[in-house]
Amino acid sequence: MSVQFFSKLSQNYIEILEDDEHYDVTIEVGEDPNVKIFRAHMIILCHRSSFLRQTLTLNKKNNNGVLNNIKLSNVSPEAFQIILRYIYGGIFSSNGRDTLDIFNVLIAADELLLNELVDYLQKYFIENKTEWMEQNFELTLRISFKSNYLFEIQQFCTDLMVKYPEKMFKTLDFESIPEKSLISLIKRDDLQMKEIEVWKYVLKWGLAQCKIHNSKPDTWKDNDFKTIRNILKDCLPLIRFYSLSSEEFVKKVRPYKKLLNKEIYDEDKDNIKDSILSRIKIIDKALYYYDFCGPSFGGSDLSLSVCRFNFRANPSKEYDDNICKQFNYEKSIRDTEDHFCIEDYEVFQIRRK
Numbered sequence: 001m002s003v004q005f006f007s008k009l010s011q012n013y014i015e016i017l018e019d020d021e022h023y024d025v026t027i028e029v030g031e032d033p034n035v036k037i038f039r040a041h042m043i044i045l046c047h048r049s050s051f052l053r054q055t056l057t058l059n060k061k062n063n064n065g066v067l068n069n070i071k072l073s074n075v076s077p078e079a080f081q082i083i084l085r086y087i088y089g090g091i092f093s094s095n096g097r098d099t100l101d102i103f104n105v106l107i108a109a110d111e112l113l114l115n116e117l118v119d120y121l122q123k124y125f126i127e128n129k130t131e132w133m134e135q136n137f138e139l140t141l142r143i144s145f146k147s148n149y150l151f152e153i154q155q156f157c158t159d160l161m162v163k164y165p166e167k168m169f170k171t172l173d174f175e176s177i178p179e180k181s182l183i184s185l186i187k188r189d190d191l192q193m194k195e196i197e198v199w200k201y202v203l204k205w206g207l208a209q210c211k212i213h214n215s216k217p218d219t220w221k222d223n224d225f226k227t228i229r230n231i232l233k234d235c236l237p238l239i240r241f242y243s244l245s246s247e248e249f250v251k252k253v254r255p256y257k258k259l260l261n262k263e264i265y266d267e268d269k270d271n272i273k274d275s276i277l278s279r280i281k282i283i284d285k286a287l288y289y290y291d292f293c294g295p296s297f298g299g300s301d302l303s304l305s306v307c308r309f310n311f312r313a314n315p316s317k318e319y320d321d322n323i324c325k326q327f328n329y330e331k332s333i334r335d336t337e338d339h340f341c342i343e344d345y346e347v348f349q350i351r352r353k
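Under full-length UniProt numbering, residues 1 to 353 are what the sequence shown spells out, in order.
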């Protein structure tokens, strides 16, 4: 039979923390004017925090046996006092605490690599404090993406930006968000934003990082292009330039072509793999043209047209009566012969020299 007496053990360790006689470490926490000195015990700190173990071990070698003293300027004294009770007694309570104070404890726990407490507090905020995180979104975003471990908070921030990108970008100091946050956002397939807007925001962010205030590329020097290209090197490959219309590309992207190098011109291997190449069987049947049609290949193999009734009423109406029915080309380019609508299309002509 095994009996556990953790409650009494926790109480005894808290008493050790409060003992002013047998400490062997002093910890200076915070920044002026909010600095506080804490007394603690090396053996407990080293076994509870890998960060403190590394810091204290290095400090001990440098001090040659003298009483250890370390500084934690990135942690608030108020948060560290709560952290110490967790380290010694395995106790944490959110009762009666302000949400910002609890968030500061999360920051401190992350800094000190207290994984157990970090995991608990992330879950606590996700389950109980989503409204607070939305109201303090800029702080939540900045702190979470500064860390290498606050994955759940990072995911919350990214999901929120994906769902309400325009709202987030207008309320945020967008130009100061971490690169890691920007990358996690633009790589999402479910981002509720047009790709041309993504390009504009990425470009705006990049210009802000290198302190270039003039967005007109015809005024930039070669070194400016090099600097911005280096800053955006991990973002540019994530932008889906292929989804832009030709007008968007010509007006909004081509002026910055020196930034793009080969990213935009390289063929997308996945698109090539999934594309269908259908060759004409009878050359005279390759292309047709009618007043109410756009390009018509093979007659019905690919026919882009406007319903005749709608065309008479509004000649500028978008193509709403399109069909793909294999006839004069080798392969069908759709799995169905049903009529369909399109938003935009591009036609390219290849000429022999």
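Cβ coordinates follow ideal geometry from the N, Cα and C atoms, glycine included.
If you run the structure through DSSP and keep just helix, strand and coil, what is residue i?
i	result
P217	helix
N328	coil
N322	strand
P295	strand
K71	strand
S246	helix
S305	strand
I82	helix
H47	helix
I91	coil
S147	coil
I126	helix
D270	Unreliable placement is indicated for D270, whose pLDDT of 48 sits below 50; the coordinate value is still reported in the next sentence. D270: helix per DSSP, three-state reduction.
V3	coil
D335	coil
I239	coil
D159	helix
N314	With a pLDDT of only 49 at N314, under 50, the local geometry of the prediction cannot be trusted, and the value read off the model is given with reservation. Correct three-state label for N314: coil.
D234	coil
D189	coil
L56	helix
L139	helix
L114	coil
Beta strand (DSSP E) containing residue i: first to last residue?
i	result
E31	V25 to E31
residue 427	This structure leaves residue 427 out entirely; the chain is present only between 1 and 353.
S76	Run containing S76: none; DSSP gives neither H nor E here.
L182	L182 -> not in any beta strand (DSSP E); alpha helix (DSSP H) instead, spanning E179 to I186.
Can you name the start and end residues of the alpha helix (DSSP H) that residue i belongs to?
i	result
L207	E195 to Q209
E15	F6 to L17
M133	T130 to Q135
K167	P165 to T171
D20	Looking at the DSSP string, D20 is not in any alpha helix (DSSP H), and its letter there is neither H nor E.
I212	Here I212 belongs to no alpha helix (DSSP H), and DSSP marks it neither H nor E.
F225	D222 to I231
K258	K257 to L260
E111	T99 to E111
In the DSSP assignment, what residue or residues form a beta bridge with residue i?
i	result
F340	N322
Y288	S296
I280	Y329
Starting from the Cα of residue i, find the closest Cα among the options and give me that residue.
i	options	result
V198	S243, T219, C157 and W220	S243
D284	K325, E248, Y329 and C324	Y329
V29	Y13, I43 and K71	K71
A108	I126, N128, Y86 and L172	Y86
residue 360	T55, N69 and L259	Absent from the model: residue 360. The displayed extent of the chain is 1 to 353, so no value can be given.
I83	D301, L17 and L304	L17
A208	K281, S305, R188 and E175	E175
K200	K8, D301 and I239	I239
D338	R188, C324 and L260	C324
S332	D321, K281, G294 and C341	K281
R279	Q326, N322, F241 and G294	Q326
With a threshold of 8 angstroms between beta-carbons, can residue i be considered close to chain D, or not?
i	result
L302	Absent from the structure is chain D; it holds one protein chain and no more.
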